[in-house]
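Residue numbers (the numbering used here), protein chains in the order written: chain G, 1329 to 1599; chain H, 9 to 425.
No residue lacks a Cβ here, since even glycine has one placed at the ideal position from N, Cα and C.
Please read these numbers as outputs of a predicted model, since none were measured by experiment.
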Amino acid sequence: MEYTIRPISNFSLGLADIWAYRELFYYFVWRDVKVRYKQTIFGVLWAILQPFMMMLTFTLVRRGLNIPSGDLPYPIFAYSGLMFWNIFSSGLTNAANSLITNSRIVKKIYFPRLIIPTSSVLVAVFDFFMAFIVFFLLLLYYQPYINPFRVIFLYPLALLITIVSTSGMGYFLASWNVKYRDFKYAVPFLVQMLLFVSPIIYSSSVFKGELAQYAFAVNPVAGAVNLARACFSDAPIEWHLIGVSIISTIIVFVVGVYVFRKNESYFADIV
Amino acid sequence: MKPILEIHDIHKKFKIGAERRRYPTLRESLINSLKFKKDQHNFMWALKGISFDVQQGDVVGIVGKNGSGKSTLLKVLSRITPPTKGYAISRGRMASLLEVGTGFHPELTGRENVFFNGALLGLSRQEIQQKYDEIVTFSGIEKFLETPVKHYSSGMQVRLAFAVAAHLEPDILVIDEVLAVGDAEFKKKCMAKMHDVTQSGRTILFVSHDMGAVLDLCNKGILLQQGAMVMQGSIQETVNQYIYMRDSISSDLAERTDRQGNGTLRFTEIRLFDPQGNESDVIQTGQSLTIRLKYQTHTTLNGLTFNIIFHDHSNECIFECSSNMSSGVLNDIAPSGEIVCHIPKFPLLSGSYQISIQCRAGKHIADWVWDVAKIEVLAGDFFGNQQIVQREQQSIGKQHVGQMAMSPILVDHQWQF
């Protein structure tokens, strides 16, 4: 095993290095999941309680408003959106702060730094699977129509879009947060704003006009949530809009990885 | 055979001054980038062209004063921070231990931390599982493994952390000053373990201020001074040179460049006086010591506190005299002047000690210089009862004269019977 230590020159992904340290993904997620629910009464139940309470709130609020949810019962409609939204919101917030919360490790031990924000997102994915238990119960209770083909192929795709876009944005914010703590204040604000432009409590069909729909689809979460909901109907999927979401996911990821890798080597000096 | 580690002309540049003390805000950076003339940053070369080869099986002690670049060199070699210039080639799996217990999470139990810390240091899950029992036995805290680490004493944390680190089996092991902590007995155990590691033909780079440990463990030495390598040779020669250098530098404080802080105030002179008012760096236990510090400043400073720190040869802080604890903070001082600290009864037992001085202005460190003076303490009468108090270990084999103390420091007290 021979390697050279030299000044930063060319851009590289460092995939071989990440592969060599792959076990650390598991350990970081394991530690964060363990630590998060220590000294709590409900423990891991919190991962379920949060989206569940949100769903109840939205269901109640909806009685006053007139929000169409298509053929789906509204609780299922809201919950399916919220599960994906939670990956995005908590994954992004944690990833953005991850290098700072782990600054002691970053300053003293070498390993590919991309592992840190990625693990933060994976912790949110762990919560997703916890929350899925309640979703499963909701499905049993309401017995909506399920398109099995779409569940097998489109549901994982929706999850993939969410993870990849959250990670990409997380890399970007994490590396800037190391340098400028302004981002610590900007991130919760950004997440809140994005909730309003994502089809979580409403359906994206409320937008009329082709341009508005395209603009809306730039948001990767919109694409992911629409795909997930499509699993419960036979209505044709608007692939041109999903395509826009996928393209923006790829752009966000590539930019995020690039910015992160560009700045990575100096994290230990300034964090 | 090719050397296991080749280091070629490594340079490392750091930003220093006020910029380094706090985080830049986005607004400042934006404004700065719009300015026609950019704000000039102060740079400091922490490493100025270090080159050497390490052969497999060598145990290299890296010595030098604080700020000479030892830790930066280890950070560059462990890939934590990249060099600014130069390169190094490593031909083996490297593990570095720059701090004991990095990554220990207070909420996790001892057992959980062993796994997480081991993984961070580069052990695979399988390796940790295989060595787990051995690690636990070595740490000697079997009973507390299911207790969260936050309830551990610092000694227990060190034991557990070192136990994990001691069971790493890399080709090259990089160690920075980690043996400075822990009790004497455990230190001995650690040194024994390190000897085992060297016996098995592994390569070690070792940084320590404890010359005893360095001499005991290493066979080769490298001496750094202000970021440059001034010597490379056998460990005995290197340590001799280091001790000679360390004892002869305290002369010109104003010229020292290996200082920390934002530089708004600078110490320029330190002088020590015995009870008779003669300048002297030799005093007796229980005598008074007066320390006069001269400084210069070019701005008005408020909330000033001064701190004089005494430490022993292994750099462990023994006690400090802090102006804000005893005499309050100082505002609005003259651009240059002298401040005086008086210690009525010097509490340290015979031996030689190093002095570091520090000045803070509010929350910022203005100036901080290590090892500005050395003080030689002779056994003396501390309690005013005509009894000479001595360090116990120094009298072994000799005739017992006066009182024996086990601790390095005495505290004024009375007993009632």
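{"Item": "Have a look at the DSSP bridge pairing and note the partners of Y95/H.", "Value": "H16/H"}
{"Item": "Is any beta-carbon of chain H found at less than 8 Å from that of R1391/G?", "Value": "no"}
{"Item": "Between I404/H and the rest of its own chain, which residues show a CB-CB distance below 7 Å, the 5 nearest in sequence each way excluded?", "Value": "Note on I404/H: pLDDT 41, under 50, position unreliable in the model; the coordinate value appears next. Excluding sequence neighbours, I404/H sits near nothing in its chain."}
{"Item": "Compare the Cα-Cα distances from K83/H to each of G271/H, E185/H and A192/H and report the closest residue.", "Value": "E185/H"}
{"Item": "Just curious, the alpha helix (DSSP H) that M1497/G is in, first and last residue?", "Value": "P1476 to K1507"}
{"Item": "Does the beta-carbon of H175/H have 16 or more other beta-carbons within 10 angstroms, so that it is buried, or is it exposed?", "Value": "buried"}
{"Item": "Short of 8 Å in beta carbon distance, which residues of its chain neighbour I251/H, apart from the five on each side in sequence? Order them along the chain.", "Value": "M219"}
{"Item": "Report the neighbours of A1596/G on chain H: residues whose CB is nearer than 8 Å to its CB, in chain order.", "Value": "K83, I88 and T89"}
{"Item": "Please confirm if F124/H has its CB atom under 8 Å from at least one CB of chain G.", "Value": "yes"}
{"Item": "In this structure, does DSSP put S358/H in helix, strand or coil?", "Value": "coil"}
{"Item": "Kindly list, in the order they appear in chain H, the residues whose Cβ is closer than 8 Å to that of Y1355/G.", "Value": "F123, F124, A127 and L128"}
{"Item": "What are the start and end residues of the beta strand (DSSP E) that includes C5/H?", "Value": "Nothing can be reported for residue 5/H, as the shown portion of chain H is limited to 9 through 425."}
{"Item": "Evaluate H217/H with the Cβ neighbour count: other Cβ atoms within 10 Å of its Cβ, from every protein chain shown; 16 or more gives buried, anything less gives exposed.", "Value": "buried"}
{"Item": "Just verifying my parser: in three-state terms, what is the DSSP assignment at M1458/G?", "Value": "helix"}
{"Item": "Per DSSP, what kind of secondary structure is H408/H in: helix, strand or coil?", "Value": "Residue confidence is low: H408/H scores 48 on pLDDT, short of 50, so the model does not pin down where it sits. Its coordinate-derived value is still stated next. The answer is coil: DSSP assigns H408/H none of H, G, I, E or B."}
{"Item": "Taking a contact to mean a Cβ-Cβ separation below 8 Å, would you say S1397/G touches S1531/G in this structure?", "Value": "yes"}
{"Item": "Any Cβ of chain H within less than 8 Å of the Cβ of L1352/G?", "Value": "yes"}
{"Item": "Within the 8 Å Cβ cut-off, does G111/H reach chain G?", "Value": "yes"}
{"Item": "In chain order, what residues of the same chain lie with their CB nearer than 7 Å to the CB of P156/H, ignoring the 5 residues before and after it?", "Value": "P114, E115, L116 and T117"}
{"Item": "In the DSSP assignment, find the unbroken beta strand (DSSP E) run with C349/H in it and report its ends.", "Value": "S344 to I351"}
{"Item": "Which residues in chain H sit within 8 Å of V1363/G, going by Cβ to Cβ distance?", "Value": "H113, E115 and L116"}
{"Item": "Is I291/H closer than 8 Å to H385/H when the C-beta atoms are compared?", "Value": "Rather than His, the amino acid found at residue 385/H in this sequence is Val. Their beta carbons are under 8 Å apart, which means V385/H touches I291/H by this criterion."}
{"Item": "Classify W423/H as buried or exposed, calling it buried when 16 or more other Cβ atoms lie within 10 Å of its own Cβ.", "Value": "exposed"}
{"Item": "For chain G, is any of its Cβ atoms less than 8 Å away from the one on A192/H?", "Value": "no"}
{"Item": "When the distance is taken between beta carbons, is S1448/G closer than 8 Å to N1422/G?", "Value": "yes"}
{"Item": "I'd like to know whether the C-beta atoms of P1548/G and I1474/G end up nearer to each other than 8 Å.", "Value": "no"}
{"Item": "What first and last residue would you give for the alpha helix (DSSP H) that runs through V337/H?", "Value": "Element bounds for V337/H: n/a, residue is neither H nor E."}
{"Item": "Would you please verify whether the beta carbon of A96/H is less than 8 Å from any beta carbon of chain A?", "Value": "Among the protein chains of the structure shown, namely G and H, there is no chain A."}
{"Item": "Nearest by alpha-carbon distance to V166/H: which of F194/H, R368/H, Q395/H and Y95/H is it?", "Value": "F194/H"}
{"Item": "What is the C-beta distance between W53/H and H19/H, in whole angstroms, given that I count them as a contact (C-beta under 8 Å)?", "Value": "6 Å"}
{"Item": "Cβ of T1446/G less than 8 Å from any chain H Cβ?", "Value": "no"}
{"Item": "Along chain H, in chain order, which residues have C-beta atoms closer than 8 Å to that of T1429/G?", "Value": "Near T1429/G there are no residues of chain H at all, since even the closest Cβ is about 11 Å away, more than 8 Å."}
{"Item": "Enumerate in chain order the residues of its own chain whose CB-to-CB distance from Q463/H is below 8 Å, with the five nearest sequence positions on each side excluded.", "Value": "Outside the displayed range of chain H (9 to 425) lies residue 463/H, so it cannot be described from this structure."}
{"Item": "With 8 Å set as the bound, which would you pick, yes or no: does the beta-carbon of M93/H sit closer than that to a beta-carbon of chain G?", "Value": "The sequence shown places Lys at residue 93/H, not Met. Cβ-Cβ to chain G under 8 Å: yes for K93/H."}
{"Item": "Quickly, what does DSSP pair D389/H with across the bridge? List them, please.", "Value": "For D389/H, which the question treats as bridged, DSSP gives no partner whatsoever."}
{"Item": "Look up F1601/G in the DSSP assignment and say whether it is helix, strand or coil.", "Value": "Residue 1601/G is absent from the structure shown; chain G starts at 1329 and stops at 1599."}
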